[in-house]
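When we follow the numbering used here, the leftmost residue of the sequence shown carries the number 29, and every step to the right adds one.
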Amino acid sequence: LGTVRKQVSSPFRATLHPDMEYTFVATCDGNCQDLNLTLKDANGMEIAASQKTGELATISFTPPSQGEYQITAKPGECTKAEGCSFGMGIFVPASASVPNASKIPAEIAQFRVCQ
Numbered sequence: 029l030g031t032v033r034k035q036v037s038s039p040f041r042a043t044l045h046p047d048m049e050y051t052f053v054a055t056c057d058g059n060c061q062d063l064n065l066t067l068k069d070a071n072g073m074e075i076a077a078s079q080k081t082g083e084l085a086t087i088s089f090t091p092p093s094q095g096e097y098q099i100t101a102k103p104g105e106c107t108k109a110e111g112c113s114f115g116m117g118i119f120v121p122a123s124a125s126v127p128n129a130s131k132i133p134a135e136i137a138q139f140r141v142c143q
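Structure follows, in structure tokens:
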């Protein structure tokens, strides 16, 4: 979660594992005109870009092999001078073992992203 000024990229790097579906989610408050989410491989090649719907952008991806990837959230124009508030998260199946992952309480672990 954070606040950014207009059109500032917020990249995040993560090591992804093969045969596991990842869903990357980004959301922006009502001050954000256009939120873009992109996924690039270790060579900087774009693999996927979000299909924005409202203030939510998502990408689902299953890596073919283990490697480092860059996920970038980039809001467009902000309607307020103080900037846009946004957040980004990575979701994996509950059965996945992911180092340093937060444990989600059972009552909200049933959340599903519908596209």
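Ideal Cβ placement from N, Cα and C applies to all residues, glycine included. In this text the structure is predicted, and so the values were computed from the model without any measurement.
CA-CA distance, A42 to S88, rounds to 15 Å. For G115 and T66, the gap between their C-alpha atoms comes out near 14 Å. DSSP, reduced to helix, strand and coil, places E110 outside both helices and strands of the structure shown, so it counts as coil.
The three-state secondary structure of G117, taken from DSSP, is strand. N59 sits close to K108, with the two beta carbons spaced by under 8 Å. Assignment of beta-bridge partners to I87 by DSSP yields F52.
Here A85 is buried: its Cβ has 16 or more other Cβ atoms, across all protein chains shown, within 10 Å.
With a contact defined as Cβ atoms closer than 8 Å, P46 and P92 qualify at about 6 Å. Taking 8 Å as the cut-off, the Cβ atoms of D62 and S113 do not count as close.
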